[in-house]
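Residue numbers (UniProt numbering), protein chains in the order written: chain Z, 1 to 305; chain D, 1 to 307.
Accompanying notes for the structure given below.
The structure is reproduced here in structure tokens:
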């Protein structure tokens, strides 16, 4: 049933997991080995090149702040942790506050998306109601809608009800299923769950509320996990709306706070800036490490937005 | 295939259905409907109205008819923003996809260590959207940055790519290409579903590997290339964070990194010309819509649908 999340859920094709690789006319073992060595060398070189900037930033965050730019290497010979406490306190408010703020926004967003999107997805996938197709098409269209046509009136609206400099403009929309992409992801997933399961429950007299909470939600855990992980990452990295809605320095979230390093008088302290950049990437990295399976599966349906 | 394919089939089908679950649907869809009206459609309509007004947030919006549009026609910075954004989209999207496809093809042959390679190459896609990486880029290509010093070894003696209006956009293009992992993962998933028999038959007939790539892989993969292309274009027209951080909010030097959405932000939220910014937002929406439509139209000539 998890195959529903793959690009095409054609029944039958998933039964043959071996990758379809081009078949080539017979080749000597020696040539094949040379080819393979070449390929791996190339790939390893690409991987190193890709990771180099991030690794260099990590290494630099551990170097004394004076020599940062003169060192191309990734080895740290004089190990130095000063940048971390320096960066932590460089912005007036301790960096921990920003981390906490971001976690708050992320937590609210994840919970909101899980509840609202799963409900909408259940309706679109399983219920028969008037104008279902039109509603579904509208939902698909809103996935592509650029936030720019909404943000100004949203700002005006949230300003009028006094929500600017609170996290409500960032969290409340998630409880209203505005991240339609996740609805679509869950609809795809529910379609892969055999209908017999809920029909049996109906015959036993269960209503939609019970079918949803007791049958669907437990079966949807992989899709819920994918949603939670993507929501975490996108909210954690989101800059535009946090920049617009949060303007008070001690309410800053991590991306907005990091950005203010560029204005702060300590700009020349690159070591501190790198240290806090690394701190801001740690949660992304951890989520990636532990949630990879769900991420890669989810991205196959999405294109990572 | 995904949201786009879904849309195609829905538009074609015209079957009327029974609707016995109206009540339950109203409950399950209540949050979504509320969000659609209050957070999406409502603001959209308001934004369309504001596009024809002069509005600074302090006084009530003043209807000015087509003034904003007239103003656009004489707005040099807008012209510049469009030029920068188009350059960025037209160069960086195909380049990124070419990388993604090339590496996906390399990885596809049941290669050893596939999942490790895939993870490492995908990681930048997650990091690339962050402010942290944009800051890193600003410094790497800055005055004393690594890239600048490295190029210095080959005789470059400029101020660094970030500081030079002729080259600053390249740093953002490189950053976009750096995140090729996401489309690569989609290509890999697509490659897995290609029928093996075709390749066997082709090999029996003596087709070279290049011929197999051109005549089997690429046509069968074309719907996925199309999908990545459409999403890539829609996404990169909206790019904001990287240009904002790299130029510290200015779009400079000399507006050379003034992405459309950055200009919109400046107009709306630093100059508080919210009417004009709304008009800009609609221009962006129309441009994205036109590009997407163009893409769909062109797809008739190169995308191969098996169904």
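Just so you know, even glycine gets a beta-carbon here, dropped at the ideal spot from N, CA and C.
Cβ-based burial, residue i [other Cβ within 10 Å; buried from 16]
i, result
"residue 301 of chain D", "exposed"
"residue 270 of chain D", "exposed"
"residue 267 of chain D", "buried"
"residue 90 of chain Z", "buried"
"residue 78 of chain Z", "exposed"
"residue 259 of chain Z", "buried"
"residue 305 of chain D", "exposed"
"residue 77 of chain D", "exposed"
"residue 256 of chain Z", "buried"
"residue 238 of chain Z", "buried"
"residue 113 of chain D", "exposed"
"residue 297 of chain D", "exposed"
"residue 59 of chain D", "exposed"
"residue 207 of chain D", "buried"
"residue 322 of chain D", "There is no way to answer for residue 322 of chain D, as the model of chain D reaches only from 1 to 307."
"residue 95 of chain Z", "buried"
"residue 288 of chain D", "buried"
"residue 150 of chain D", "exposed"
"residue 181 of chain D", "buried"
"residue 281 of chain D", "buried"
"residue 74 of chain D", "exposed"
Inter-residue CB distance, residue i and residue j (contact presumed, cutoff 8 Å)
i, j, result
"residue 236 of chain D", "residue 89 of chain D", "5 Å"
"residue 177 of chain D", "residue 96 of chain D", "5 Å"
"residue 98 of chain Z", "residue 284 of chain Z", "15 Å between Cβ atoms; not a contact."
"residue 74 of chain Z", "residue 100 of chain Z", "32 Å between Cβ atoms; not a contact."
"residue 142 of chain Z", "residue 40 of chain D", "6 Å"
"residue 109 of chain Z", "residue 235 of chain Z", "4 Å"
"residue 100 of chain D", "residue 183 of chain D", "4 Å"
"residue 185 of chain Z", "residue 223 of chain Z", "6 Å"
"residue 243 of chain D", "residue 264 of chain D", "No, residue 243 of chain D and residue 264 of chain D are not in contact; Cβ-Cβ is about 12 Å, not under 8 Å."
"residue 162 of chain D", "residue 141 of chain D", "5 Å"
"residue 125 of chain D", "residue 256 of chain D", "Their Cβ separation, rounded to whole angstroms, is 25 Å, which puts residue 125 of chain D and residue 256 of chain D out of contact at 8 Å."
"residue 112 of chain Z", "residue 175 of chain Z", "4 Å"
"residue 80 of chain Z", "residue 104 of chain Z", "The Cβ separation is near 32 Å, so there is no contact."
"residue 117 of chain D", "residue 43 of chain Z", "6 Å"
"residue 183 of chain Z", "residue 124 of chain Z", "7 Å"
"residue 279 of chain Z", "residue 232 of chain Z", "Actually they do not touch by this definition, with Cβ atoms about 16 Å apart."
"residue 190 of chain Z", "residue 126 of chain Z", "6 Å"
"residue 216 of chain Z", "residue 87 of chain Z", "Going by Cβ atoms, the distance from residue 216 of chain Z to residue 87 of chain Z rounds to 45 Å, so no, they are not a contact pair."
"residue 229 of chain Z", "residue 296 of chain Z", "Their Cβ separation, rounded to whole angstroms, is 11 Å, which puts residue 229 of chain Z and residue 296 of chain Z out of contact at 8 Å."
"residue 57 of chain D", "residue 156 of chain Z", "7 Å"
"residue 195 of chain Z", "residue 10 of chain D", "In fact, because the Cβ distance is near 20 Å, the residues do not count as touching under 8 Å."
Per DSSP, the bridge partner or partners of residue i
i, result
"residue 53 of chain D", "D:63"
Proximity to residue i [Cα-Cα], best of the options
i, options, result
"residue 245 of chain Z", "Z:150, Z:112, Z:85, Z:138", "Z:150"
"residue 241 of chain Z", "Z:226, Z:184, Z:164", "Z:164"
"residue 117 of chain Z", "Z:180, Z:104, Z:32", "Z:180"
"residue 154 of chain Z", "Z:170, Z:275, Z:142", "Z:170"
"residue 291 of chain Z", "Z:76, Z:227, Z:159", "Z:227"
"residue 121 of chain Z", "Z:174, Z:188, Z:95", "Z:188"
"residue 187 of chain D", "Z:299, Z:125, Z:131", "Z:299"
"residue 276 of chain D", "D:53, D:223, D:4, D:290", "D:53"
"residue 115 of chain Z", "Z:250, Z:295, Z:225, Z:296", "Z:225"
"residue 129 of chain Z", "D:93, D:136, D:25, D:278", "D:25"
"residue 110 of chain D", "D:207, D:69, D:189", "D:189"
"residue 225 of chain D", "D:104, D:35, D:281", "D:104"
"residue 284 of chain D", "D:82, D:193, D:211", "D:82"
"residue 34 of chain D", "Z:68, Z:58, Z:139", "Z:139"
"residue 152 of chain Z", "D:154, D:50, D:30", "D:50"
"residue 69 of chain Z", "D:222, D:107, D:136", "D:136"
"residue 263 of chain Z", "Z:198, Z:92, Z:60, Z:32", "Z:92"
"residue 93 of chain D", "D:170, D:214, D:249", "D:170"
"residue 8 of chain D", "Z:137, Z:275, Z:192, Z:203", "Z:137"
"residue 178 of chain Z", "Z:37, Z:145, Z:156", "Z:145"
"residue 281 of chain Z", "D:5, D:258, D:134, D:46", "D:134"
"residue 28 of chain D", "Z:209, Z:71, Z:159, Z:60", "Z:209"
"residue 70 of chain D", "D:299, D:279, D:303, D:293", "D:279"
"residue 299 of chain D", "D:227, D:72, D:239", "D:227"
Any non-hydrogen atom of the ligand HEM within 7 Å of residue i CB
i, result
"residue 301 of chain D", "In the structure shown, the ligand HEM is absent, as is every other ligand, since no ligand is present at all."
Closer than 8 Å at the beta carbon, the chain C residues around residue i
i, result
"residue 292 of chain Z", "Protein chains Z and D are contained in the structure displayed, whereas chain C is not."
Quick check: the stretch 138 to 157 of chain D against the stretch 188 to 203 of chain D, are there 3 or more CB pairs under 8 Å?
Not touching, per the Cβ criterion.
Measuring CB atoms only, is the stretch 226 to 235 of chain D touching the stretch 57 to 75 of chain D, in the sense that at least three cross pairs come out at less than 8 Å?
With contact defined as three or more Cβ pairs closer than 8 Å, the stretch 226 to 235 of chain D and the stretch 57 to 75 of chain D are not in contact.
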